[in-house]
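Novice: Numbering (the working numbering), first residue to last: 428 to 878. Dropping a structure here in structure tokens format, bear with me for questions.
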Amino acid sequence: EARGSAPPLPERPRRRDFSRDPQTESESGSSANGEDAQLTRPVAAEETKAPASVERHQSSRSSRKTPVEQEATRSQPPADRSFEGLYVGNDHLSEDILTRAALSEEVLREDHAAWLRLAREDRDRENPTPRRRVYVTYLILLGTAVAMVYEIGANGWKFDSLESNPFFGPDVDTLLDVGAINYFKITDEGEWWRLFVGMWLHAGIIHFVINGAVIVQLGRNLEQLHGPYSLVAIYILSGLFAATLSALFSPFTISVGASGALFGLLGGVWADLIQNWDLVYKPYRQLAGLFLLTVVNVLMGLAPLVDNYQHLGGLIMGTGVGLLLYVQKRYDALKRECPKLPYQAVLQIVGAVVSFNLLFLMLALLYAEVDVHEQCGVTCDRISCVETSFWDCQEARHSCSGVATSNGVNTTVEVDCFLTDATGTFQVDYDVDELTNSRLQDLCDEACGDV
428 EARGSAPPLP ERPRRRDFSR DPQTESESGS SANGEDAQLT RPVAAEETKA
478 PASVERHQSS RSSRKTPVEQ EATRSQPPAD RSFEGLYVGN DHLSEDILTR
528 AALSEEVLRE DHAAWLRLAR EDRDRENPTP RRRVYVTYLI LLGTAVAMVY
578 EIGANGWKFD SLESNPFFGP DVDTLLDVGA INYFKITDEG EWWRLFVGMW
628 LHAGIIHFVI NGAVIVQLGR NLEQLHGPYS LVAIYILSGL FAATLSALFS
678 PFTISVGASG ALFGLLGGVW ADLIQNWDLV YKPYRQLAGL FLLTVVNVLM
728 GLAPLVDNYQ HLGGLIMGTG VGLLLYVQKR YDALKRECPK LPYQAVLQIV
778 GAVVSFNLLF LMLALLYAEV DVHEQCGVTC DRISCVETSF WDCQEARHSC
828 SGVATSNGVN TTVEVDCFLT DATGTFQVDY DVDELTNSRL QDLCDEACGD
878 V
């Protein structure tokens with residue numbers, strides 16, 4: 428029996444070593460023997476496929492995901508979008524959902540406001556005249572500046588004492604001559620033009636500079652957003668209503684200033700903020716600044732010759748007319764104009780009804796010469812002017828002219844009250860040289876009547 432050698436066993440297939448670099452092995456394999464070149468052979472599908480038992484185990488795990496995990500998986504953003512900063516790892520899926528829930532409302536609100544601003548900017552760029560030219564605001568400022576120069580000239584190109592006028596301006600008599608608002612001049616002498624002229628006058632340089640800066644700041648923004656016609660309407664109507672309110676509630680006060688019309692513009696800004704809240708960038712910041720500006724100007728009204736009734740009247744009228752006129756148009760994504768929101772239409776009606784009815788009522792009371800001041804007395808005076816160590820409110824309330832004569836022993840003083848047209852003759856037991864401003868003011872108060 429012939430005995431031969433056993434056939435060689437089949438060669439055991441080599442397994443790929445994944446701990447080595449395939450690229451390096453591929454390059455080295457081109458010059459090595461065939462046995463080494465086998466290391467670059469791609470792994471067959473059968474070698475990488477997981478066993479069926481493992482696949483069934485993974486499938487059962489995926490089917491047992493909690494609702495929180497399933498919701499987080501569905502709501503993950505696309506891989507090609509850069510939202511990863513808002514998401515956390517898979518080990519913290521519950522934290523992921525809470526974080527997105529807390530941020531979603533704020534992000535969507537700011538994105539919506541940004542979209543509205545960009546849409547408005549796009550419409551402005553497409554418009555041949557993207558921004559309205561501002562000219563009415565500067566014409567108003569020019570008119571008040573001319574009036575200020577005229578006041579100083581009428582006062583002999585000099586300023587009154589700081590005790591009587593802390594704003595570096597003319598005296599009370601000059602202000603009354605050039606058109607200051609006063610109840611008795613309007614009703615008794617029929618000088619109704621004072622209701623329109625008073626809004627162009629100022630108590631002094633400081634008063635003019637402060638009001639002028641605010642007029643430019645507020646008027647320019649309102650004119651750019653809503654046009655010149657609505658600005659003129661608010662300025663004139665607010666100034667008229669403020670002057671009427673001042674004459675009724677503070678009849679013994681000489682009042683000047685654009686403060687009533689200025690507060691009308693301030694009321695217009697309030698109305699614009701209310702009616703177009705969602706179009707305003709960071710509206711709460713705008714609200715805080717607007718509130719501070721309003722408070723500062725109200726405090727300015729506690730000084731003599733500056734009437735808080737003008738401030739309050741202008742603010743009421745400006746807000747009412749602004750609610751009617753200052754509703755900005757809204758557009759959708761296709762640039763189609765959207766209807767007004769329900770609350771905007773309601774506020775328009777309320778603003779129109781309240782403002783115009785109040786204006787008609789105050790003018791009717793003034794024409795009928797109703798003594799409104801008598802109903803509130805000292806309270807009305809304190810709202811308009813507060814006594815301090817820096818000024819005397821009585822000197823702003825009463826103004827007189829007179830002549831003093833002396834025989835060496837006694838002095839005779841004849842006083843004419845400008846406000847009430849009353850005349851008084853007084854005998855005093857001191858010489859003319861001892862007739863101080865304080866004593867003159869006491870005689871003037873007595874001639875005009877204590878109120």
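By construction, the Cβ of each residue, glycine as well, lies at the ideal position given by its N, Cα and C atoms. Model, not experiment: these values are computed from the prediction.
1. My guess is that Ile661 and Asn609 are in contact by the Cβ rule of under 8 angstroms, so how many angstroms apart are they, rounded?
2. In terms of residues, what are the limits of the alpha helix (DSSP H) holding Phe676?
3. For the beta strand (DSSP E) that contains Gln854, what are its first and last residues?
4. With respect to the alpha helix (DSSP H) encompassing Thr806, which residues constitute its N-terminal and C-terminal limits?
5. Identify which residue in Tyr736, Leu693, Asn592 has its Cα closest to the Cα of Leu717.
6. Give the DSSP-derived three-state secondary structure of Ser833 in the structure shown.
7. What number of angstroms, rounded off, separates the C-alpha of His629 from the C-alpha of Thr852?
8. Just to confirm, is the Cβ distance from Ile567 to Gly646 under 8 angstroms?
9. Compute the beta-carbon to beta-carbon distance between Val799 and Phe676, rounded to the nearest angstrom, for a pair I have assumed lies under 8 angstroms.
10. Report all residues from its chain with a CB closer than 7 angstroms to the CB of Gly606; omit the five preceding and five following residues, and keep chain order.
11. Please determine, among Asp615, Pro655, Asp600, Lys612, the residue with the shortest C-alpha to C-alpha distance to Val561.
12. Nearest to Asn638 by alpha carbon, out of Leu602, Val563, Ala572, Asp600?
13. Taking only three categories from DSSP, how would you classify Ile564?
14. Tell me Cys765's beta-bridge partners as DSSP assigns them.
15. Identify which residue in Val748, Val780, Phe679 has its Cα closest to the Cα of Val599.
16. To which residues of the same chain is Val813 closer than 6 angstroms at the C-beta, ignoring the five residues directly before and after it?
17. For Ile608, does the three-state DSSP call read helix, strand or coil?
18. Identify the continuous beta strand (DSSP E) that holds Asp843 and give its terminal residues.
19. Following the continuous alpha helix (DSSP H) through Met394, name the residue where it begins and the one where it ends.
20. Straight-line CA distance for Ala795 to Leu788?
21. According to DSSP, which residues form a beta bridge with Ser682?
22. Suppose the cutoff is 6 angstroms on Cβ atoms and the five residues either side in sequence are ignored; what does the same chain contact list for Gly512 look like?
23. Spell out whether any CB of chain D is found under 8 angstroms from the CB atom of Gln644.
24. Nearest to Leu838 by alpha carbon, out of Leu761, Asn735, Leu870?
25. Measure the C-alpha to C-alpha separation of Ala698 and Leu726 and round it to an integer number of angstroms.
26. Evaluate Gly695 with the Cβ neighbour count: other Cβ atoms within 10 Å of its Cβ, from every protein chain shown; 16 or more gives buried, anything less gives exposed.
27. Rounding to the nearest angstrom, what Cα-Cα distance links Ile579 and Leu742 in this structure?
28. Rounded to whole angstroms, what's the CA-CA distance from Ala760 to Arg809? Just pull it up for me.
29. Are the CB atoms of Leu658 and Leu879 within a distance shorter than 8 angstroms?
30. For Phe595 and Ser588, what's the separation of their Cα atoms in angstroms?
31. Look up Phe623 in the DSSP assignment and say whether it is helix, strand or coil.
32. Grab the span of the alpha helix (DSSP H) containing Pro593 for me, first residue to last.
33. If you count every other CB in all the chains shown that lies within 10 Å of the CB of Ala574, and 16 or more means buried, which is it?
34. In angstroms with no decimal places, state the Cα-to-Cα distance between Cys803 and Ser811.
35. Measure from the alpha carbon of Val859 to the alpha carbon of each residue in Thr721, Val840, Ala849, Val683, then state which is nearest.
36. Just tell me which of Arg866, Tyr857, Asp872 has its CA closest to the CA of Ala849.
Specialist: In terms of the structure at hand:
1. Contact annotation, Ile661 with Asn609: C-beta distance approximately 25 angstroms; criterion of less than 8 angstroms not satisfied.
2. Segment 655-676, the alpha helix (DSSP H) holding Phe676.
3. First-last of the beta strand (DSSP E) with Gln854: 850-855.
4. Run containing Thr806: 805-811, per the alpha helix (DSSP H) assignment.
5. Sorting Tyr736, Leu693, Asn592 by C-alpha distance to the C-alpha of Leu717 places Leu693 at the top.
6. In the structure shown, Ser833 sits in a strand (DSSP, three-state: E or B).
7. Those two C-alpha atoms are separated by around 33 angstroms.
8. Result yes, Cβ atoms of Ile567 and Gly646 sit closer than 8 angstroms.
9. Their Cβ separation, rounded to whole angstroms, is 6 angstroms, which keeps Val799 and Phe676 in contact under 8 angstroms.
10. Correct list, in chain order: Arg621, Val624, Gly625, Leu628.
11. Checked all of Asp615, Pro655, Asp600, Lys612; the closest Cα to Val561 is Pro655.
12. It is Ala572 whose Cα lies nearest to the Cα of Asn638.
13. In the sequence as presented, Ile is not what sits at residue 564; that position holds Thr. In the three-state scheme derived from DSSP, where H, G and I count as helix and E and B as strand, Thr564 is classed as helix.
14. Arg757, per the DSSP bridge assignment.
15. Among Val748, Val780, Phe679, the Cα nearest to that of Val599 is on Phe679.
16. Leu729, listed in sequence order.
17. Strand at Ile608.
18. 838-844 is the extent of the beta strand (DSSP E) around Asp843.
19. No answer is possible for residue 394: the residues shown for the chain start at 428 and end at 878.
20. Taking the straight line from one Cα to the other gives about 11 angstroms.
21. Ser682 pairs with Ile608.
22. With a pLDDT of 39 at Gly512, under the threshold of 50, the predicted position of this residue should be treated as unreliable, though the coordinate-derived value follows. Excluding residues within five positions, none has a Cβ falling inside 6 angstroms.
23. No chain D appears in the structure shown, which is made up of a single protein chain.
24. The identity of residue 838 in the sequence shown is Thr, whereas the question assumes Leu. Checking every option, the nearest Cα to that of Thr838 belongs to Leu870.
25. Cα atoms of Ala698 and Leu726: separation of roughly 22 angstroms, rounded to the nearest angstrom.
26. With 16 or more other CB atoms across the displayed protein chains lying within 10 angstroms of its CB, Gly695 is buried.
27. Roughly 29 angstroms between the two C-alpha positions.
28. Approximately 54 angstroms between the Cα atoms of the pair.
29. This structure does not reach residue 879, given that the chain is present from 428 up to 878, and the question cannot be answered.
30. Cα-Cα distance, rounded: 8 angstroms.
31. The answer is helix: DSSP assigns Phe623 an H, G or I state.
32. Looking at the DSSP string, Pro593 is not in any alpha helix (DSSP H), and its letter there is neither H nor E.
33. Around the C-beta of Ala574, 16 or more other C-beta atoms lie within 10 Å, and the residue is accordingly described as buried.
34. Cα to Cα, Cys803 sits roughly 12 angstroms from Ser811.
35. Closest in C-alpha terms to Val859, from the list Thr721, Val840, Ala849, Val683, comes Val840.
36. From the listed residues Arg866, Tyr857, Asp872, the smallest Cα separation to Ala849 is found for Asp872.
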